[in-house]
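Protein chains in written order, with this note's numbering: chain A, 1 to 271; chain B, 1001 to 1217.
Okay, structure coming up:
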């Protein structure tokens, strides 16, 4: 597979991970959703999170860019702690303010299950608004960047349409372009094809596959097992707020070590 | 009983002058009230905690006291602070302050009801609360806000009649002047009702036109 950028082993040996997560915990009232999640993502890698619904996959993603505030654990992006800072001589952990958090969130792209495009803006405006209002680009520069990113997801001819005039697959591709336009260090995909009609799923997966080949770092929560097998560098199987199994997709799919993984895979693959 | 048509005929042009004052006050107060109300509404959604608390207290005070009292407080209070704006501007200020509180509640309710995913998407591209409100949530709320805002402006227009108590020569006051000299209260009050009804009908029509013209998606 010459086009697939598999993780370069020499990089794994010496280099530090782009994203490093340790002991992530999250609880909603009585229910503990994440019970200590730890993993690393190397630059250029695609990591796919699978697992039964309710296992905490989405919550992991939402904690990474602090759409949800984790209760415990650390997240580091290129060595920079996310969501807080160690202040003073005692290095006390101090949460960031909302505007400091906003600065960090730029570095994470996020693609939502239900697209969440801005309905009052055209596709081009949806993509340009971040560069324009957050990065402070000029109108011309922001529009040029929007056009470029929409072309990248093959939507150049639809750039002046509103979300309501686009199909689900097209809307999700606009959402991907919106994330790309912020030039993020990595993109988080939260079940990006789950809200789509079956015949539209492939166009979104194709775009994501191309991004992975171009070396974009991605974390993808999905139920699309063939995509996971094809594109993932690392596969994580989660259940009940734990990481049950972690490894190359070949290893996890063909020889799952844990019984939970075996049951989940046999269930989902024999559907 | 008989209707004194001569008084009616004489009053129709006389009331026109009061109508002009009513329209001037109402449009000035609507402009100030809507602008102030949108600003207060946005503060109550995304401002500093102490600013939210201040807006809350302000809205509570306005809603919890009669407008008539508020008019008197503004009319007699401003001169104590060394400013004598006169009855016209006192009236405009009192009505603006009143209107802004109700508009703030409409804005808070409507903007706050925009689907949560919109805020999350805006956060995900690094927007701060102020930008999210201004560029994402408020533009989507304008159309759904229209019926409630129309209501507030209609209420404001009818409330201008209360300014007669601080002797602003608006529509109601000009009617009362005619009653005082010709003593035909029923004719004049009926006529006043028709005037207000006509103005408000035009207003509702304009509001419907605007609402239809606003982009939908």
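Backbone N, C-alpha and C fix where the C-beta goes; we use that ideal spot for every residue, glycine too.
Whole-number beta carbon distance between residue j and residue i, since they are thought to touch under 8 angstroms
i              : j              : result
residue 237/A  : residue 261/A  : 5 angstroms
residue 1090/B : residue 1111/B : Contact doesn't hold; Cβ gap of about 31 angstroms is too wide.
residue 1184/B : residue 1007/B : 4 angstroms
residue 66/A   : residue 101/A  : 6 angstroms
residue 1104/B : residue 1040/B : 4 angstroms
residue 204/A  : residue 48/A   : Actually they do not touch by this definition, with Cβ atoms about 15 angstroms apart.
residue 1192/B : residue 1162/B : Rounded, the Cβ-Cβ distance is 13 angstroms, inconsistent with contact.
residue 26/A   : residue 70/A   : 5 angstroms
residue 1174/B : residue 1015/B : 6 angstroms
residue 1115/B : residue 1167/B : With 8 angstroms as the limit, residue 1115/B and residue 1167/B do not qualify as a contact, their Cβ atoms being about 50 angstroms apart.
residue 180/A  : residue 149/A  : 5 angstroms
residue 46/A   : residue 159/A  : Contact flag wrong, Cβ pair sits at about 27 angstroms.
residue 240/A  : residue 55/A   : 6 angstroms
residue 77/A   : residue 19/A   : 5 angstroms
residue 119/A  : residue 1140/B : 7 angstroms
residue 1106/B : residue 1028/B : Actually they do not touch by this definition, with Cβ atoms about 20 angstroms apart.
residue 1067/B : residue 1151/B : Wrong, their Cβ atoms sit about 15 angstroms apart, outside the cutoff.
Option in the options with minimal Cα separation from residue i
i              : options                           : result
residue 1129/B : 1031/B, 1042/B, 1070/B and 1009/B : 1042/B
residue 1026/B : 1081/B, 1203/B, 1108/B and 1190/B : 1203/B
residue 1134/B : 179/A, 41/A, 135/A and 129/A      : 129/A
residue 1094/B : 1039/B, 1051/B and 1165/B         : 1165/B
residue 227/A  : 249/A, 171/A and 36/A             : 249/A
residue 74/A   : 148/A, 122/A, 143/A and 40/A      : 40/A
residue 1036/B : 1016/B, 1048/B, 1194/B and 1059/B : 1059/B
residue 247/A  : 134/A, 241/A and 232/A            : 232/A
residue 127/A  : 175/A, 230/A, 43/A and 18/A       : 175/A
residue 183/A  : 199/A, 53/A, 92/A and 145/A       : 145/A
residue 1063/B : 1087/B, 1052/B, 1097/B and 1046/B : 1097/B
residue 191/A  : 52/A, 19/A and 58/A               : 58/A
residue 152/A  : 210/A, 31/A, 229/A and 23/A       : 210/A
residue 298/A  : 98/A, 172/A, 188/A and 234/A      : Nothing about residue 298/A can be reported from this structure: the residues present for chain A run from 1 to 271 only.
residue 1154/B : 1102/B, 1177/B, 1052/B and 1118/B : 1102/B
residue 1120/B : 18/A, 124/A and 111/A             : 111/A
residue 1177/B : 1206/B, 1011/B and 1034/B         : 1011/B
residue 117/A  : 167/A, 42/A, 61/A and 270/A       : 167/A
residue 44/A   : 186/A, 121/A, 23/A and 244/A      : 186/A
residue 265/A  : 22/A, 18/A, 52/A and 17/A         : 52/A
residue 61/A   : 15/A, 131/A, 83/A and 188/A       : 188/A
residue 1052/B : 1065/B, 1108/B and 1022/B         : 1108/B
residue 270/A  : 165/A, 137/A and 224/A            : 224/A
residue 1217/B : 91/A, 123/A and 15/A              : 123/A
residue 94/A   : 107/A, 72/A, 42/A and 17/A        : 72/A
Listed by chain order, chain B residues near residue i by CB distance under 7 angstroms
i             : result
residue 119/A : 1140 and 1217
residue 105/A : 1123, 1124 and 1126
residue 185/A : Under the 7 angstroms cutoff, chain B gives no residues; its nearest Cβ is about 12 angstroms from residue 185/A.
residue 162/A : 1217
residue 98/A  : 1128 and 1129
residue 129/A : 1135
residue 178/A : 1125
Beta-bridge pairing of residue i - partner residues as DSSP gives them
i              : result
residue 95/A   : 84/A
residue 21/A   : 39/A and 75/A
residue 274/A  : Nothing about residue 274/A can be read from this structure; chain A reaches only from 1 to 271.
residue 109/A  : 187/A
residue 246/A  : 236/A
residue 1196/B : DSSP, once it has assigned bridges, lists no residue as partnering residue 1196/B.
residue 148/A  : DSSP output for residue 148/A lists no bridge partner at all.
residue 32/A   : 27/A
Listed by chain order, chain B residues near residue i by CB distance under 9 angstroms
i             : result
residue 75/A  : Ordered by position in chain B, no residue passes the 9 angstroms Cβ test against residue 75/A, which lies about 15 angstroms from the chain.
residue 218/A : Those do not exist, as residue 218/A stays about 15 angstroms from chain B at its closest Cβ, beyond 9 angstroms.
residue 112/A : 1117, 1120, 1121 and 1124
Proximal residues of chain A, C-beta to C-beta of residue i below 9 angstroms
i              : result
residue 1047/B : Ordered by position in chain A, no residue passes the 9 angstroms Cβ test against residue 1047/B, which lies about 12 angstroms from the chain.
residue 1112/B : Residues of chain A passing the Cβ test: none, with the nearest at roughly 17 angstroms.
residue 1077/B : Here the premise fails: no neighbours, minimum Cβ distance about 38 angstroms.
Beta-carbon neighbours of residue i, restricted to chain B and to distances below 8 angstroms
i             : result
residue 102/A : 1123, 1126, 1127 and 1128
residue 67/A  : 1120, 1123 and 1124
residue 182/A : 1125 and 1126
Under 8 angstroms by beta carbon: chain A residues contacting residue i
i              : result
residue 1064/B : The premise fails here: residue 1064/B is roughly 32 angstroms from chain A at the closest Cβ pair, so nothing lies under 8 angstroms.
residue 1131/B : 133 and 134
Where residue i meets chain A, residues with beta-carbon distance less than 7 angstroms
i              : result
residue 1136/B : 118
Distance cut-off 7 angstroms: residue i Cβ against heavy atoms of the ligand FAD
i              : result
residue 1180/B : Among the components of this structure there are no ligands whatsoever, and the ligand FAD is therefore not found.
>> As an exercise, report each continuous alpha helix (DSSP H) stretch of at least 4 residues that is fully enclosed by the segment 156-234 of chain A, in chain order.
In response: The segment 156-234 of chain A contains, as complete alpha helix (DSSP H) runs of 4+ residues, the segments 168-180, 201-213 and 225-231 (chain order).
> What are the complete alpha helix (DSSP H) segments, minimum 4 residues, inside the segment 1075-1157 of chain B?
Replying inline: Taken in chain order, the whole alpha helix (DSSP H) runs of length 4 or more contained in the segment 1075-1157 of chain B are 1086-1112 and 1116-1124.
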